[in-house]
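When we follow our numbering, the leftmost residue of the sequence shown carries the number 244, and every step to the right adds one. Quick reminder that beta carbons are idealized off the backbone N, C-alpha and C, glycines included. Fair warning: this is a prediction, and the values are worked out from it, not measured in the lab. Written below as structure tokens is the structure these notes are about.
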Amino acid sequence: MYFTDNLIIDTSVFIAPTSTLLGKVTIGKNSSIWFQSVLRGDVDEIIIGENTNIQDGSIIHCVNGFPTKVGNNVSLGHGVILHGCTIEDNVLIGMRATVLTGAVIGKNSLIAAGALVSENMIIPPNSLVVGIPAKVKKEISKYQFDLIEETAKNYVKYAIEYINRYK
């Protein structure tokens, strides 16, 4: 685990020992950064909200003038890449999806595994997004909305269990 002195991290946050955080990174309460994830706030800042999980092998970076902002109750699946973008509240981004510079993902949206959200793309709230390049397929269903909420809640529980088991 590698840290620098520009980090603002709530005491409730779980950070896996093999993750790397450097530069200007802020992480809100009850969030979790899982194994092999990298958060590089060396060029601009990274802001992670509350109850948000960055799953194994994810990479978050930024570009000068394009900080990366991730809202509350967000789940980033394994191997997600975020680069200088904004993710609003209550979003699930599937495994190996990529969101590029200047893109904005609206609240309550689901980005399918493997999707590629292009630079400066604006995804409206409540969207199901799929493909390479990513396209809005339809509005999310009640089931998908519940999945987004449940995944974020589960990862808060997983982090607490992990902290308690291995402290």
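Between the beta-carbon of L353 and the beta-carbon of L371, is there less than 8 Å? Counted from its first residue, the sequence shown places residue 353 at position 110. Counted from its first residue, the sequence shown places residue 371 at position 128. The answer is yes: Cβ separation under 8 Å.
Proximal residues to V323 (C-beta, below 6 Å), its chain only, five neighbours per side dropped: Indexing the sequence shown from 1 puts residue 323 at position 80. Once the five neighbours on either side are set aside, the close Cβ partners of V323 are S301, I336, A340.
Only counting the same chain, and skipping five residues up and downstream in sequence, which positions put a Cβ closer than 6 Å to that of P368? To locate residue 368, count along the sequence shown from 1; it is residue 125. Counting only Cβ-Cβ distances below 6 Å, and skipping sequence neighbours, we find G349, K350, N351.
Tell me which residues share the same chain as S251 and place their Cβ nearer than 7 Å to its Cβ, disregarding the 5 neighbours each side in the sequence. Locating residue 251 in the sequence shown gives position 8, counting from the first residue. Checking the displayed sequence, the identity of residue 251 turns out to be Ile instead of Ser. If the five residues before and after I251 are omitted, its C-beta is found closer than 7 Å to the C-beta atoms of T269, all from its own chain and listed in chain order.
Give a yes or no on whether the C-beta atoms belonging to V286 and N316 are separated by under 8 Å. Within the sequence shown, numbered from 1, the residue matching residue 286 stands at position 43. Within the sequence shown, numbered from 1, the residue matching residue 316 stands at position 73. The answer is no: Cβ separation not under 8 Å.
Answer with buried or exposed for E362, where buried requires no fewer than 16 other C-beta atoms within 10 angstroms of its C-beta. If you number the sequence shown from 1, residue 362 lands on position 119. E362 is exposed by the Cβ-count criterion.
Measuring straight from C-alpha to C-alpha, what distance separates K396 and T247? The residue you call residue 396 lines up with position 153 of the sequence shown. The residue you call residue 247 lines up with position 4 of the sequence shown. When rounded, the distance between both Cα atoms is 29 Å.
Look up I383 in the DSSP assignment and give the residues it is bridged to. The residue given as residue 383 occupies position 140 in the sequence shown. Answer by DSSP bridge pairing: none, since I383 is not bridged.
Hey, Q279 and S255: beta-carbon distance below 8 Å or not? In the sequence shown, counting from the first residue as 1, residue 279 sits at position 36. In the sequence shown, counting from the first residue as 1, residue 255 sits at position 12. Not closer than 8 Å, so no.
According to DSSP, what are the bridge partners of H304? Within the sequence shown, the letter at position 61 stands for residue 304. In the DSSP output, where bridge partners are listed per residue, H304 has H326.
Check for me: the beta strand (DSSP E) holding V268 runs from which residue to which? For the purposes of this step, residue 268 is identified with residue 25 of the sequence shown, where counting begins at 1. Note, V268: beta strand (DSSP E), 263-270.
For R274, count neighbouring C-beta atoms within 10 Å of its own C-beta (all shown protein chains included) and say buried if the count is 16 or more, exposed if not. For the purposes of this step, residue 274 is taken as the residue at position 31 of the sequence shown. Note on residue identity: the sequence assigns Ser, not Arg, to residue 274. By the Cβ neighbour-count rule, S274 is buried, with 16 or more other Cβ atoms within 10 Å of its own.
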